[in-house]
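Numbering (my numbering), first residue to last: 2 to 759.
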Amino acid sequence: MTEARIDYARLLNSAQYEAVTSIDGPLLVIAGAGSGKTRTLVYRVAYLVERGIPPESILLLTFTRKAAMEMLSRASELLDGRCQRVAGGTFHSTGNQILRQYGDCVGYGNGFTIMDRSDSEDALGLLIDRLGLKSSGRRFPKKSTVNSIFSKMVNCSLDLDGVLDENFPQFLEFGADLQGLYVAYEQYKLEQRLMDYDDLLRHWWRLLEEQPAVRKLLSQNYRYIMVDEYQDTNLLQAEIIRLLASEHPNVMVVGDDSQSIYSFRGARFRNIMDFPKLFPQARVLKLEQNYRSTQPILDFTNVLISQAREQYTKYLFSRRESEVLPVLASVGGERDQSLFVVRALREFQLVGIALEDMAVLFRASFHSYDLEVELARAGIPFAKYGGLRFAESAHLKDVIAHLRVLHNPLDAVSWHRLLLLVEGIGPRTAQRLINWLMTHAASATAVRDYISEQKKTAGMTRLEPLAALMEEITDPQRTLVERIQAVRSYYEPIAMRKYDDYPKRFRDLDFLEEWAEQYPSLQTLLTDLTLEPPDFFSHKADLRESGRLTLSTVHSAKGLEWRVVFIIAAAEGRFPSPYASYRTEDLEEELRLFYVASTRAKDHLLISYPMRFGGFQEQDYGGRPSPFLQSISRRVLQRVYGEDFHLKLQGDDAKQPERRKNPTGAKPEGSPLQAQRADYLPGQRLDHAEFGRGVVLKVESHHAVVVFEKHGKKILELHIPSPSTGAESATRRGADAERGRREDGESMGAGVGKPWDQ
DNA sequence: GTTTACGCATCCCCG
DNA sequence: ATGCGTAAAC
2 MTEARIDYAR LLNSAQYEAV TSIDGPLLVI AGAGSGKTRT LVYRVAYLVE RGIPPESILL
62 LTFTRKAAME MLSRASELLD GRCQRVAGGT FHSTGNQILR QYGDCVGYGN GFTIMDRSDS
122 EDALGLLIDR LGLKSSGRRF PKKSTVNSIF SKMVNCSLDL DGVLDENFPQ FLEFGADLQG
182 LYVAYEQYKL EQRLMDYDDL LRHWWRLLEE QPAVRKLLSQ NYRYIMVDEY QDTNLLQAEI
242 IRLLASEHPN VMVVGDDSQS IYSFRGARFR NIMDFPKLFP QARVLKLEQN YRSTQPILDF
302 TNVLISQARE QYTKYLFSRR ESEVLPVLAS VGGERDQSLF VVRALREFQL VGIALEDMAV
362 LFRASFHSYD LEVELARAGI PFAKYGGLRF AESAHLKDVI AHLRVLHNPL DAVSWHRLLL
422 LVEGIGPRTA QRLINWLMTH AASATAVRDY ISEQKKTAGM TRLEPLAALM EEITDPQRTL
482 VERIQAVRSY YEPIAMRKYD DYPKRFRDLD FLEEWAEQYP SLQTLLTDLT LEPPDFFSHK
542 ADLRESGRLT LSTVHSAKGL EWRVVFIIAA AEGRFPSPYA SYRTEDLEEE LRLFYVASTR
602 AKDHLLISYP MRFGGFQEQD YGGRPSPFLQ SISRRVLQRV YGEDFHLKLQ GDDAKQPERR
662 KNPTGAKPEG SPLQAQRADY LPGQRLDHAE FGRGVVLKVE SHHAVVVFEK HGKKILELHI
722 PSPSTGAESA TRRGADAERG RREDGESMGA GVGKPWDQ
């Protein structure tokens, strides 16, 4: 057991080794993009298990369950199968498991059903109606808005007024109504044994906070806690961690403040900065060596993130040299962009890069519609991630509703949904039936009793098929798949009336039926469908083997990497999202999002923006590249026209003579802090006499900001040769030139001039 | 009194 | 393409 089989010191760099072997006490690891964060966690799991720590007492919290499973199976390969027994998953799924055991401690008796976002909104809609909040004349917030207000309250530990003041001042006048609605919603969920996503965290927290005995038990159980993607946790989650660690200090959190992209869900990257306050003895380690990307890609991403107002302290460097710069390609319209991507994909394929090693990323799911059409036409297989989820489409929710009332007959949200499917039943009749069910008999088969009781009323015969179905699927003899089949044969005629495109939807139901086979119980199936909904290519391994191109939102691409990454729709009005263009902190998050997208690339990064694009706000944007890119030097980001793009164009030495001929940059004479301004250009790497290797971030009139590998960010004073020369940095000239073009109204699409780069 | 049909605006990211 | 409010139909 004590015999070390893994040579950790040899397999890890010194910072990683420290992170892996410091197993006792609080530890914060700041891990830059591609710095081997996952590797570190995997080795740490193996190290802990190898040292004889029972795997069941290790808790690994990750952002998706997929990530957790992947890490555990890698750890198992490294060591042995014991690693699979480590407890792990998302905060929500872990909360779910714990609350299934201790639900009665927080007022939920035996069992509950988890609602997804649209279920919450349905419930809120019903309550808004019931409380008559809509008729009060003025415009009451939409139910989706109400949902996000309530969610912010929970995730940011604020009261209603706090959230309204901060984020929704336009709804301050509805304070009292919203407060009443909040209370009603709480009660509604409790009565019906429903929990929304936030409840899984909130009740988990309550359990730990209010039940010292349970807290002690759980904390003693999970002796070693690891949290991945800590920058995307919210206040409530940080509190949960603190409480889980009440009996020991063994908490390791890993994160990167530059990659915090979930503030809409309450994430606060400040949790990282505050970790040492929560755990005063915390050690802090930084992983700064990047093993993923080439140095030119990192030069670009370093400069990109330096535009953030919140200053970060990481400097990423790589040993992967390359001549190939990231490219910003301008294309005429969305169709031209798709053609550009397809053409470039083919070129990469020709030099031996497989489709599964490439990805196209975008800000919003609909940005890839045109490309999807073009890929289909070109016969290029792809898999898309992000956007609407499988279990959220109407037809699946319809089928699932029938299964949910089976599991939880109190679930009025699902009753409501499935009753409205019956012809002749509207909200009124549905409500009456639901009221009757709730007061008389809490069982799915009680529909029959209701019919008998109401026999006189016309229309009750319409409920006959439903009553028969409920009786059939309640039969304990039936397997899960048989029940789904029964629901389908009841539902499909309804769907045929409702949807013109029913064949496509029936194929989804086929998939559901197949998917359900692996589940031992209805409850676990229902939980997974809301917590970890399947996508059609559920394991990344499948995807890699399948020879498909990946299309993904940036959010869904978090933590992944590809040899070639395209970022499309990097245009003003697209990225940053126009919804996030008002508040500085929202814009900063968009910048971090762009940073996340860019740091996914290992070898090639190609960013494109259409000059014209469709959509309702078309007129407002003049076809400029994303503001995040506009002032970035051509030394780190090459500009081309999409139609001119060719692999050879990249890395053409003739285009970047000064960069290639003097790659180590300036070594100023005299004072180490002085240099001629012309020696310093943003993005330029240099080897400084005193501070060693670094990269120039910004050049101002009298100083330059340089980040050094060993010494971090330094401000170097610039010696200016002579004012009469009017020396201007390349950035300045570049920015002015670009602005000039725009103001002249010179259209790039007109084909005047060639790549701006020369 | 209830249900349904139709025209309307809206459309980001996610456990 | 789905979710809303309103008007016609049962």
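Backbone N, C-alpha and C define an ideal beta-carbon position, used for all residues, glycine too.
Length of the line joining the Cα atoms of residue i and residue j
{"i": "Val21", "j": "Pro56", "result": "16 angstroms"}
{"i": "Thr63", "j": "Tyr109", "result": "26 angstroms"}
{"i": "Asp178", "j": "Tyr189", "result": "16 angstroms"}
{"i": "Ile401", "j": "Phe280", "result": "44 angstroms"}
{"i": "Gly104", "j": "Gly112", "result": "7 angstroms"}
{"i": "Asp412", "j": "Trp437", "result": "13 angstroms"}
{"i": "Arg118", "j": "Leu648", "result": "45 angstroms"}
{"i": "Lys505", "j": "Val448", "result": "31 angstroms"}
{"i": "Gln631", "j": "Phe276", "result": "35 angstroms"}
{"i": "Val708", "j": "Asp300", "result": "11 angstroms"}
{"i": "Arg243", "j": "Ala214", "result": "16 angstroms"}
{"i": "Thr146", "j": "Phe175", "result": "13 angstroms"}
{"i": "Gly760", "j": "Gly693", "result": "This structure cannot settle anything about residue 760, because the visible part of the chain is limited to 2 through 759."}
{"i": "Val304", "j": "Arg320", "result": "18 angstroms"}
{"i": "Thr462", "j": "Ile452", "result": "8 angstroms"}
{"i": "Ala445", "j": "Leu470", "result": "10 angstroms"}
{"i": "Val254", "j": "Asp200", "result": "23 angstroms"}
{"i": "Leu245", "j": "Lys499", "result": "49 angstroms"}
{"i": "Glu348", "j": "Ser634", "result": "26 angstroms"}
{"i": "Val30", "j": "Ser599", "result": "22 angstroms"}
{"i": "Leu12", "j": "Leu73", "result": "18 angstroms"}
{"i": "Arg203", "j": "Val155", "result": "7 angstroms"}
{"i": "Asp162", "j": "Ala10", "result": "53 angstroms"}
{"i": "Leu404", "j": "Leu219", "result": "32 angstroms"}
{"i": "Ser158", "j": "Val696", "result": "41 angstroms"}
{"i": "Ser490", "j": "Trp416", "result": "18 angstroms"}
Chain-order list of residues whose beta-carbon lies under 7 angstroms from that of residue i (same chain, five-residue window excluded)
{"i": "Leu481", "result": "Ala517, Tyr520, Leu523, Leu526"}
{"i": "Arg269", "result": "Asn235, Leu236"}
{"i": "Leu607", "result": "Val328, Ala330, Ala345, Phe567"}
{"i": "Val597", "result": "Gln260, Ile262, Val555, Lys559"}
{"i": "Asn14", "result": "Gln290"}
Assigned secondary structure, residue i (DSSP; H/G/I helix, E/B strand, else coil)
{"i": "Phe151", "result": "helix"}
{"i": "Gly695", "result": "strand"}
{"i": "Met612", "result": "coil"}
{"i": "Asn291", "result": "strand"}
{"i": "Glu174", "result": "helix"}
{"i": "Ala34", "result": "coil"}
{"i": "Tyr9", "result": "helix"}
{"i": "Asp766", "result": "Given that the chain is displayed from residue 2 to residue 759, the structure contains no residue 766 and the question cannot be resolved."}
{"i": "Ser553", "result": "strand"}
{"i": "Tyr18", "result": "helix"}
{"i": "Tyr500", "result": "coil"}
{"i": "Pro577", "result": "coil"}
{"i": "Gln212", "result": "coil"}
{"i": "Ala47", "result": "helix"}
{"i": "Phe512", "result": "helix"}
{"i": "Gly181", "result": "helix"}
Residues of its chain near residue i, where Cβ-Cβ distance is below 8 angstroms and the 5 sequence neighbours each way are ignored
{"i": "Lys217", "result": "Ser247, Glu248"}
{"i": "Gln282", "result": "Gly26, Pro27, Pro250"}
{"i": "Ala443", "result": "Pro410, Leu411"}
{"i": "Leu79", "result": "Ile7, Val43, Tyr44, Ala47"}
Cβ-based neighbour list, residue i, same chain, cut-off 6 angstroms, excluding 5 preceding and 5 following
{"i": "Ile426", "result": "Leu420"}
{"i": "Leu1", "result": "This structure cannot speak to residue 1, because the chain is shown only from 2 to 759."}
{"i": "Asp529", "result": "none"}
{"i": "Glu533", "result": "Arg66"}
The ligand SAH heavy atom lying under 7 angstroms from the CB of residue i
{"i": "Leu195", "result": "Looking at this structure, you won't find the ligand SAH or any other ligand, since it has none at all."}
### 4-residue-minimum alpha helix (DSSP H) runs that sit fully inside the region 293-371, ordered along the chain
296-306, 335-351
#### Entry: Segments of 4+ residues assigned as alpha helix (DSSP H) that fall wholly inside the region 443-480
447-454, 465-475
### Length-filtered (4 minimum) alpha helix (DSSP H) runs lying within the region 369-426
DSSP runs (the alpha helix (DSSP H)) wholly in the region 369-426: 370-379, 395-408, 413-420.
#### Entry: Those runs of the alpha helix (DSSP H) which lie wholly inside the region 230-254 and span at least 4 residues
236-245
### Query
Which ranges does the alpha helix (DSSP H) cover as unbroken runs of at least 4 residues, wholly within the region 74-120, from first to last along the chain?
92-103
### Query
Just checking, does the region 566-585 make contact with the region 593-611 on the three C-beta pairs under 8 angstroms criterion?
yes
### Query
Is the region 547-557 close to the region 360-369, with three or more CB pairs under 8 angstroms?
yes
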